[in-house]
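Just so it is clear: in the sequence shown, position 22 is 22 by UniProt numbering, and no numbers are missing. Cβ atoms here follow ideal geometry from the backbone N, Cα and C, with glycine treated the same way. Report on the following structure.
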Amino acid sequence: MPQELKLYNTLTRTRETFVPIDPNNVRMYVCGPTVYDYAHIGNARPVIVFDVLFRLLRHIYGENHVNYVRNITDVDDKINARAARDYPDLPLNEAIRKVTELTNEQFQADVAALGNLQPSSQPRATEYIAEMAAMIDRLVERGVAYVADGHVLFSPSAMNAAAKGPRYGLLSRRSSDDMIAGARVDVASYKRDEMDFVLWKPSKQGEPGWPSPAGIDGVGRPGWHIECSAMSMAKLLEPFGGGLQCDDPTKNIFDIHAGGIDLVFPHHENELAQSCCAFGTDRMANVWMHNGFLQVEGQKMAKSTGNFVTIHELLETDTFGGRKWPGEVLRLAMLMTNYREPIDFSVRKLEEAENILAKAREYVGDAGVGVVPDEAIDILSDDLATPGLINWLASIRKSRVLDPEAYRAVFALLGIDLSVESVSSELENEIEAKIRNRLSLLAAKSFPEADRIRDELLEKGIQLKDGKDPATGERVTTWEMKR
């Protein structure tokens, strides 16, 4: 039998044996996208990392016993600004719907191309406003939130003054000064304390708005942090007997909460504070997991430095490295670094991943998908040790001690399909004709025309490989499908 699953818990700063609250209903929440623009490659990292965790949990506990929720934030000031900029002739609410629908469609297509499974549920924030309002009312009733100038604000100092329950800062372990700096606190006269954060704010004329909680007249919209507290409640607590109507704190905790390291503070810290105060629990989730930062070619990714790259650009354009990159190459490159470590996303790393995949495909040939060996599960169960598993696969391939079916199954557990795209006889004949033409051009030293044929085929996902016939010494060209 595989060993126990160990996961690094940001809350305790230790690697712990994972023990689900209910093995028949393992529950995980991952913070998803704010749908106002193309997702960049940094956004892809938590999607890929926690998709691997989803697959591992399904393998251990059964496909029907894992509930993975990844939210969609579709109400946000950034969305409002993008809608007003891109569709100035439309009413704002109509423009917002257009932005969020188109952006979410693109996000779903992008992450699917990276080999990710659909989560069990993808709740949209605008569908859970009532739950947010109810949770805000509860926080006001319990004295840890207050109404001021049409806003509702959460008070960390009131939370810390309570006789029991966790203290604010439990997750991030920052000093008060560091938290104030890290939160980029807005100065507002209606705040009692500079650390107080918004649960609800009034909507301006024409902006999205819903009936306000806490007895406030007029319409407003939620702050960012309350959205995830409410959606995780609706999807991971209420269906299992928890929620605001439940007085049993043990039913108002779920198993795993995850996201990027940049979310630890303030977003996850504030989520934890809201949920614990609303439900009277000492923790929102038993395990908190966070993936590390991503750099591009050794630099922080930023539009100002010219290294900002989206998932869509990597998949569909030659923006990065002068070519398109298959989704499975992008995925493997991401998994070659431990998920908690910073990653340097580079052309060199992508080429290395592509080489690994080419060798793996050569090894498995047309074999089917077999059973994942226990040794592979043992490696991955050590806090998602994907680099260790990839190294193990390389050693297995060299020693050939694992049958191709099981080898393919391990890659499938990582979300990577080793199938090679089939080619019709018509396309194969066309490729061979172009190769013959190109060889003639090379012989005539018409290099620009020969390069044009090579580039045309590469655009179609067909990569040429030049070499020499060992018997005759003549130039030969082989080809393979890259996507």
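Would you report the Cα separation of residue i and residue j, rounded to the nearest angstrom?
i: V187; j: D247; result: 37 Å
i: A113; j: D417; result: 11 Å
i: H267; j: H225; result: 6 Å
i: E459; j: L57; result: 38 Å
i: M231; j: M336; result: 32 Å
i: K6; j: N67; result: 19 Å
i: N25; j: K235; result: 12 Å
i: Y61; j: P239; result: 19 Å
i: E358; j: K78; result: As written in the sequence, residue 358 is Ala, which differs from the Glu given in the question. The alpha-carbon atoms of A358 and K78 are separated by roughly 41 Å.
i: R475; j: R348; result: 27 Å
i: A353; j: D89; result: 46 Å
i: M159; j: R167; result: 7 Å
i: K251; j: H257; result: 16 Å
i: G461; j: L153; result: 53 Å
i: V401; j: M28; result: 36 Å
i: K324; j: I311; result: 11 Å
i: A161; j: D344; result: 43 Å
i: P156; j: E141; result: 15 Å
i: S304; j: D318; result: 20 Å
i: residue 489; j: H59; result: Look at the range of the chain in this structure, 1 to 483, and you will see that residue 489 is not part of it.
i: Y146; j: W200; result: 10 Å
i: F254; j: M284; result: 7 Å
i: I96; j: E426; result: 46 Å
Could you tell me whether the Cβ atoms of residue i and residue j are closer together than 8 Å?
i: F293; j: A302; result: no
i: A84; j: L92; result: yes
i: M334; j: I48; result: yes
i: G209; j: R192; result: no
i: A376; j: L389; result: yes
i: G415; j: G115; result: yes
i: V30; j: G259; result: yes
i: N71; j: A109; result: no
i: K468; j: I453; result: no
i: L464; j: T477; result: yes
i: E133; j: P202; result: Glu is not the amino acid found at residue 133; the sequence shown has Ala there. In this structure, P202 does not lie closer than 8 Å to A133 by Cβ.
i: E269; j: G165; result: no
i: F18; j: V264; result: no
i: L139; j: C276; result: no
i: M479; j: I431; result: The sequence shown places Trp at residue 479, not Met. In this structure, I431 lies closer than 8 Å to W479 by Cβ.
i: R331; j: A360; result: no
i: T34; j: T73; result: yes
Would DSSP call residue i helix, strand or coil?
i: R323; result: coil
i: K300; result: strand
i: N25; result: coil
i: E4; result: coil
i: N338; result: coil
i: V19; result: coil
i: K468; result: strand
i: R124; result: strand
i: residue 486; result: No answer is possible for residue 486: it lies beyond the span of the chain, which begins at 1 and ends at 483.
i: D318; result: coil
i: A450; result: helix
i: D137; result: helix
i: D382; result: strand
i: L57; result: helix
Going by DSSP, name the residue or residues bridged to residue i.
i: M481; result: I462
i: V309; result: Per DSSP, none; premise fails for V309.
i: Y146; result: L153
i: T14; result: N9
i: T34; result: T73
i: M289; result: A258
i: H40; result: T310
i: residue 484; result: As displayed, the chain neither begins before 1 nor continues past 483, which places residue 484 out of reach and without an answer.
i: R475; result: K468
i: D403; result: Paired residues: none, contrary to the question.
Of all the CB atoms in chain D, is at least one closer than 8 Å to the CB of residue i?
i: R173; result: Judged by its chain identifiers, the structure shown contains no chain D, having just a single protein chain.
task = Would you mind listing the alpha helix (DSSP H) stretches within the stretch 151 to 209 that are 4+ residues and don't spill past its ends, in chain order?
result = 156 to 161 and 176 to 182
query = Where in the stretch 204 to 273 do unbroken runs of the alpha helix (DSSP H), each at least 4 residues long, occur, reported from the N-terminal end onward?
reply = 224 to 232
message = Please give the ranges of any beta strand (DSSP E) in the stretch 63 to 119, keeping only runs that are unbroken, at least 3 residues long and fully inside the region.
response = For the stretch 63 to 119, the continuous beta strand (DSSP E) assignments of 3+ residues that do not extend past its boundaries occur at 66 to 70, in sequence order.
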